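Asks: Numbering-wise (my numbering), the sequence shown opens with residue 1 and increments by one.
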Amino acid sequence: MEPPATPALGTRRRLLYSSGELGLTLTPAVVGGWLIYFYTGGENPSRALVTTAALGLIVFLSRIGEVVSNPLIGFYSDRIRTPWGRRVPFIALGAPLLSLFFVLLWFPPHDHPSWTNSIFLGLVLSCYWVAHVAVTAPYLSLMPEIVRNADERVKTSIWMGYFDILGMVLAGVGAGLLIQHGSAGIELGPLRLADGYKLTGLVAGLISLAALIVAVRSVRESPHGPSKEVGYSLWRSMAQCFRNRGFTPYILAASFFRIGVDTTVAVIPFLVVRVAGYSAGTAGALQAMIILGAAAQFPLVRRLASRFGKKALYCTGLLGFGLLLPLIYFSGSNPFLGRAVAGLLAALGSGPLSRGEITLIHFTLVFACCTFFISTFFVLPRAIFAEVIDHDESLTGLRREAIYYGIEGMSHRLAAALTPLIYTQLMAGLGQTSANPTGILLSFPVAGLALFVGFVIFLFYPFRS
């Protein structure tokens, strides 16, 4: 389904617009990778600020407002008319609030378990996610409007994927190093920070705000015209989205892909620190290895998508990632890949490896094999979803990008809310310590099952471009 040919966006504008993806990715990646770890005590579980079981429920409930607000913001972003366009006002007003609420997350009122911490976390996290929605749906809605050529969309998606990667590297390596560096507290002029998590919050919040400001200043929305006169009610607008036969398979498959990626990122610190016995910095380095390995394969994904089609490659990503993740489970009892490497090194005359080293090698090799499949998650969804939205225009004659992104966001946010609820309950019920890591390890086969379900669903996607 080829949209109308339009002039290329241009490298400079593509780069500036895509930089906003850093602002959208960085803070959720820090939240996903470190927030639960921080509130459960980090390296010292006895200093938890909120119990693990309660934390999973709080994180889930905090995203209910986000789930509900997604279609509402999308609906009003499609209908609003201002001198600055339909999308820019939401981004300009939402970005400062997004950064503010993110920073507050890392400053709980008490340094010990309390109901005050639980209430504080629930309220601030709810506000943070609603602010994130207010920026995300309008920002993403700009891409199908300003980039109408299919190949240009893949190019822009790749740039956005690189900024995704940068955000995740900063959230992994950068946050890991800041957390480690500030573990004994740090002074910033008159400001005394008790730990590196607070320093991470301040730094990531400022970077996110700056990236979104750069992106919004680079965008010029197309003039208001008949295709932007969306007169549908909210319910009719939502119902019309589901009449688009490509919409439901896409959002469901993408949501299950999100469960796999989010689980992997969030549980890695537990895996590295509590199973293998390494530091938070090592956990960040492993996160960075995964996403940098995925980024290195973006050009390959683009070439393969051009040759075999986006649907076939996205199915491959879902299936491959889903089959590999369960192998992480064996790093606790039988890290066979690590043992194979240890045996090879012994044959070459190297000394014996410790149990922790063998375990780390095992899941590092598994994650390395996942990087190609993860790369499809960064490159393809935006281009696939843009063709779904183009199909809507052929049905209605209207450009209704934001309501599509709003409902997609609702589905993704619901998946993102369920993800920590699942793995925290696994860890709380089955074990999350070095002596009993069953809950940590079992999170990966569960994520693999979600990816396989997504693969089956996406087989029903009707467009084969």
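Each residue gets a CB set at the ideal place from its N, CA and C atoms; glycine is no exception. What you are looking at is a predicted structure, and each value in this text was computed from that prediction instead of being measured.
(1) Please classify ASN70 as buried or exposed, where buried requires at least 16 neighbouring CB atoms within 10 angstroms.
(2) Whole angstroms is fine: what's the gap from MET1's alpha carbon to ASN244's?
(3) Considering only the beta carbon of each residue, do TYR314 and ALA253 sit closer than 9 Å?
(4) Among the candidates LEU15, PHE367, HIS110, VAL59, whose CA atom is the shortest distance from the CA of ARG47?
(5) Go ahead and label SER411 buried or exposed: buried means 16 or more other beta carbons lie within 10 angstroms of its beta carbon, across all protein chains shown.
(6) If you count every other CB in all the chains shown that lies within 10 Å of the CB of ILE119, and 16 or more means buried, which is it?
(7) Look at the Cβ atom of ARG258, then the Cβ atom of ALA131, and state whether they are nearer than 9 Å.
(8) Which full runs of the alpha helix (DSSP H) of 4+ residues lie inside the segment 359 to 445, going along the chain?
(9) To the nearest angstrom, how far is the alpha carbon of PHE102 from that of PHE460?
(10) What residue range is occupied by the uninterrupted beta strand (DSSP E) comprising ARG192?
(11) Quick one: Cα of PRO437 to Cα of VAL275, how far?
(12) Within its chain, find whatever has a CB closer than 6 Å to the CB of VAL265; leave out the 5 residues flanking it on each side and keep chain order.
(13) Where does ILE186 fall in DSSP's three states?
(14) Give the secondary structure of LEU49 by DSSP, where H, G and I count as helix, E and B as strand, and everything else as coil.
(15) So is GLN240 in contact with chain B if we call contact Cβ pairs under 9 Å?
(16) Which residue wins for smallest C-alpha separation from VAL169, given the options ALA347, PHE463, PHE256, THR282?
(17) From ALA312, ARG413, THR156, PHE463, pick the residue whose C-alpha is nearest to that of GLY10; which is it?
(18) Helix, strand or coil: which one does DSSP assign to GLY85?
(19) With a CB to CB cut of under 7 Å and the five nearest residues on each side skipped, what residues in its chain are close to GLY293?
(20) Can you tell me the Cβ-Cβ gap for ILE73 and GLY406, rounded? I've got them flagged as a contact below 8 Å.
(21) Buried or exposed: TRP129, going by 16 or more other Cβ atoms within 10 Å of its Cβ?
(22) So, using beta-carbon positions, are ALA450 and GLY322 closer together than 9 Å?
(23) Sorted by chain position, which residues of the same chain lie with C-beta nearer than 7 Å to TYR250's C-beta, five sequence neighbours on each side aside?
(24) By Cβ distance below 7 Å, which residues in the same chain neighbour THR359 in space, the five residues on each side in sequence not counted?
(25) Please report how far the alpha carbon of PHE242 lies from the alpha carbon of GLY65, in whole angstroms.
(26) Spatial neighbours of THR25 within its chain, please: C-beta separation below 6 Å, excluding the five flanking residues on both sides.
(27) Below 9 Å between beta carbons: does that hold for LEU441 and ILE328?
(28) Skipping 5 residues on each side, what residues in its chain have a beta carbon closer than 8 Å to that of MET427?
(29) Taking its Cβ as the centre, do 16 or more other Cβ atoms sit within 10 Å of TYR17, making it buried, or is it exposed?
Replies: Based on what the coordinates show:
(1) The residue is buried, with at least 16 neighbouring Cβ atoms inside 10 Å.
(2) Annotation note: pLDDT 45 at MET1 (below 50); position unreliable, coordinate value reported separately. Each residue's CA atom was taken as its position, placing MET1 and ASN244 some 13 Å apart.
(3) Yes; because the gap between Cβ atoms is below 9 Å, this pair is in contact.
(4) Ranking LEU15, PHE367, HIS110, VAL59 by Cα distance to ARG47 puts HIS110 first.
(5) Of the residues assessed, SER411 falls on the buried side of the cut-off, its CB having 16 or more other CB atoms within 10 angstroms.
(6) Classified as exposed, ILE119 has fewer than 16 neighbouring CB atoms from the shown chains inside 10 Å of its CB.
(7) Contact flag unset, no.
(8) Those alpha helix (DSSP H) runs which fall completely within the segment 359 to 445 and span 4+ residues are 401 to 430.
(9) Those two C-alpha atoms are separated by around 38 Å.
(10) 191 to 193 is the span of the beta strand (DSSP E), which, as asked, contains ARG192.
(11) Straight-line measurement puts the Cα of VAL275 at about 6 Å from the Cα of PRO437.
(12) Answer for VAL265: GLY32, GLY33, listed in chain order.
(13) The answer is strand: DSSP assigns ILE186 an E or B state.
(14) Note: LEU49 maps to coil in three-state DSSP.
(15) Chain labels in this structure do not include chain B; a single protein chain is all it has.
(16) Comparing Cα positions, the closest option is THR282.
(17) For the options ALA312, ARG413, THR156, PHE463, the alpha carbon positioned closest to that of GLY10 is the one of THR156.
(18) Here GLY85 sits in coil by DSSP.
(19) Closer than 7 Å at the Cβ level, and outside the excluded window around GLY293, lie ALA368, THR371.
(20) Rounded, the Cβ-Cβ distance is 6 Å, consistent with contact.
(21) It counts as buried.
(22) In contact: ALA450 and GLY322 (Cβ atoms closer than 9 Å).
(23) Closer than 7 Å at Cβ, skipping near neighbours: ILE384, PHE385, VAL388, TYR461.
(24) Around THR359: VAL275, ALA276, SER331, PRO335, GLY338.
(25) PHE242 and GLY65: Cα-Cα distance of roughly 22 Å.
(26) Result list for THR25: ASP164, GLY167, in chain order.
(27) Contact flag set, yes.
(28) Hits under 8 Å: THR52, PHE270, GLY439, ILE440, SER443.
(29) In summary, TYR17 is buried, with 16 or more beta-carbon neighbours lying within 10 Å of its beta-carbon over all protein chains present.
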